[in-house]
Structures are given as C-alpha cells and as structure tokens.
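Numbering (my numbering), first residue to last: 90 to 406.
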C-alpha cells in the first residue's frame, strides 16, 4: 500500500540530528502506513544505524545516496522524484515535526480541496524533543503569517518544513538547483505563480525550527558572515528578477528588504553584531506595515531596530 505522504529529508554529516528528525516523523499521529520518509544523504557519512533505529520505530524509510555533495535543492528534487505518496513534505535534518503536523495538514488538504497547506512554525533556541509537545516557553519567535500571494512576491515567510503539498512531480515543478540560497521561496513562487497552486495557511503550530546558538543549520551563517549575507541578498535579487512583484505596492515593499540587507552589511562593516533573528524580525515589521497594523512611514526605523538589536531568546514574539 502506498503511503499518503512522503517526507523528504536531506542530510549531510549530522546523524545525531537526523535521528531526531526521523523520530519526529515516526511520532506522527497518523494511521499505520500513512507516512514514509525518504532520506537523501547528500555526500555525507553513513547513516545506516540511524535508519535502522527509525525503521524499528515503525517508520518506512528509503535512503537515496548522492556520492558527492550537490546541495539542498538537488537533494530535495531527488526525493520528489522518488516519493510514493500523493502528498509530499520536507524536513531538514536539524528540525522536527510536532506530532500533529501531518494530520492537521492532510485533513485540511482533503477538506478544503487546495493544493498546499502550511502551518505555523515555532522558532526555538533550544533543542526540542521529538514526539512531545514543546513547553510553553520554548518559542523565541513564530512564523505564523497568513497567506498572501502578493506578500510572497516580496519575500519568503513560509519555512520549508511547514507546507504539505500535492506531489509536484506530475506538473514538472522542481527546486532550482542553481540557487545557493532561498530555493524554497523560489519553489513556492513557482508553484503559486506558474502552476497556480491553491495555498491555505492553518494557524496551528505543528513544526519547530531550531536556531541553536553555536550550531550550524542546513542554511547557516546568513547573520554570521558578511559574505554569506551578501550571497543571500544576491539570490533575493535574482529571484525578484525571475518573479515580478505583484503590483506597485509589492514592488515598493521589496525596497524594504534592500534596507534590511544594506543595514546588516553596514553593521558587519563596522564590526557590530547582527541579530540572529534579523530576518524574522524584519518580516514581522514588514507584515505589520503591509497589513495596516503599523505605520509604513516608520518601517525603515523599525527594520534598523530589527537588524541591530538582539533580545533575550526566551521572550516570545
């Protein structure tokens, strides 16, 4: 029997984290056989012991091995091609699903007749235990933005592991393997603009994004090194050129992302620290102005504060 959903998990040289990611998939409150994991080992160390542990938990796991590293987009594409489920989801090896994630998303996909559902995501500065609900003080921030195709043309607000979507393989949609960053945002734009995917946000926290101090993530370093930050800015401009802004207002709001990158690079140039949460905090400020919850004429100043000023990670946004 084919699974309902395939979770694609790219990994490289982090078997201890992969073990927790797979444990969080095994802990999903779905009927037996409803989910499979496809692990794509992107030129990393052997993960046989981790896979054996996951299968012992009752999780069907397929392993695809790439001899030499090809990067996240290529790894995810390989997983899409191999997926047996009607639906697919993505999980980086350093993050986890909460137990209700796939059930909540699949229920909404089937009841609403849409092509993709994404849920809310908590950002935690400490590692959460798979299979358990996080403690009340676990979140430093939340990604809980409602869906707006216009705002999506400005910048990304959907973490890669938040959506569950109809397998895009039949439509030919793939991640752009030439992008060195922001490939998930480019994929969401491709699905919504080119393939006309209907998308719905479910405002329920069902995934966790780990931002552990001192630990590299699958896309680490945007706030740590000026060269990486500049690369992100360059890829953002490249995606903007590919996918036009959804009208004059979206085009204007794109300029505020330029302000964010300019300010962050200026801080690096003067040896001042950039907030680890600079991007999320900027998106919070942009969304407030976009939705009318805050004045746009104060947005540049709010972005400066978002980029510069770090806060205690225990505070919840």
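A virtual CB, placed ideally from N, CA and C, is assigned to each residue, including glycine.
Using the C-alpha atoms, what's the distance from residue j back to residue i?
i, j, result
"residue 192", "residue 204", "15 angstroms"
"residue 219", "residue 283", "36 angstroms"
"residue 139", "residue 104", "7 angstroms"
"residue 292", "residue 251", "11 angstroms"
"residue 386", "residue 347", "16 angstroms"
"residue 184", "residue 359", "33 angstroms"
"residue 267", "residue 368", "23 angstroms"
"residue 125", "residue 361", "45 angstroms"
"residue 222", "residue 290", "21 angstroms"
"residue 312", "residue 142", "For residue 312, the pLDDT reaches just 45, beneath the cut-off of 50, and the residue's location in the model is therefore unreliable, leaving the point undetermined."
"residue 323", "residue 329", "10 angstroms"
"residue 123", "residue 93", "5 angstroms"
"residue 159", "residue 281", "26 angstroms"
"residue 321", "residue 255", "28 angstroms"
"residue 182", "residue 235", "26 angstroms"
"residue 198", "residue 95", "15 angstroms"
"residue 260", "residue 110", "28 angstroms"
"residue 299", "residue 379", "27 angstroms"
"residue 341", "residue 233", "23 angstroms"
"residue 390", "residue 338", "19 angstroms"
Between residue i and residue j, which are expected to be in contact by the criterion C-beta below 8 angstroms, what is the C-beta distance as a whole number of angstroms?
i, j, result
"residue 148", "residue 178", "That pair is no contact at about 14 angstroms."
"residue 356", "residue 375", "Not really, about 19 angstroms apart at Cβ, beyond 8 angstroms."
"residue 335", "residue 239", "4 angstroms"
"residue 136", "residue 107", "6 angstroms"
"residue 190", "residue 296", "6 angstroms"
"residue 301", "residue 216", "6 angstroms"
"residue 186", "residue 113", "5 angstroms"
"residue 209", "residue 294", "5 angstroms"
"residue 396", "residue 363", "6 angstroms"
"residue 127", "residue 171", "5 angstroms"
"residue 262", "residue 279", "6 angstroms"
Leaving out the 5 sequence neighbours to the left and right, which residues in its chain are closer than 8 angstroms to residue i when beta-carbon positions are compared?
i, result
"residue 91", "173, 174, 175"
"residue 325", "244, 271, 346, 350"
"residue 55", "Outside the displayed range of the chain (90 to 406) lies residue 55, so it cannot be described from this structure."
"residue 392", "345, 348, 349, 352, 371, 374, 375"
"residue 150", "111, 125, 126, 127, 128, 140, 143, 144"
"residue 398", "364"
Can you list, in chain order, the residues of its chain whose CB lies under 6 angstroms from that of residue i, leaving out five sequence neighbours each side?
i, result
"residue 253", "176, 178, 194, 206"
"residue 383", "377"
"residue 258", "169"
"residue 287", "203, 204"
"residue 309", "Confidence is the limiting factor: at residue 309 the pLDDT is only 43, short of 50, which leaves the residue's position unreliable, though a coordinate-based value still follows. Closer than 6 angstroms at Cβ, skipping near neighbours: no residue."
"residue 102", "133, 134"
Using a Cβ-Cβ cut-off of 7 angstroms (strictly less than) and excluding sequence neighbours within five positions of residue i, which residues of its own chain qualify?
i, result
"residue 354", "315, 318, 319"
"residue 247", "207, 277"
"residue 228", "211, 212, 213, 405"
"residue 146", "112, 115"
"residue 249", "179, 181, 273"
Checklist entry - Any chance the region 111-127 sits against the region 196-212, with 3 or more Cβ pairs inside 8 angstroms? => result no
Checklist entry - In chain order, which alpha helix (DSSP H) runs of at least 4 residues are fully inside the region 220-306? => result 238-241, 272-278
Checklist entry - Any contact of the region 232-243 with the region 332-349, i.e. 3+ C-beta pairs under 8 angstroms? => result Yes, since at least three Cβ pairs between the region 232-243 and the region 332-349 fall closer than 8 angstroms, the two stretches touch.
Checklist entry - Counting pairs of Cβ atoms below 8 angstroms between the region 152-160 and the region 123-135, do you hit three or more? => result yes
Item to check | Complete beta strand (DSSP E) runs within the region 151-188 (minimum length 3 residues, chain order) | outcome: 176-179
Item to check | Minimum length 4: unbroken alpha helix (DSSP H) runs contained in the region 331-382 | outcome: 337-358, 367-380
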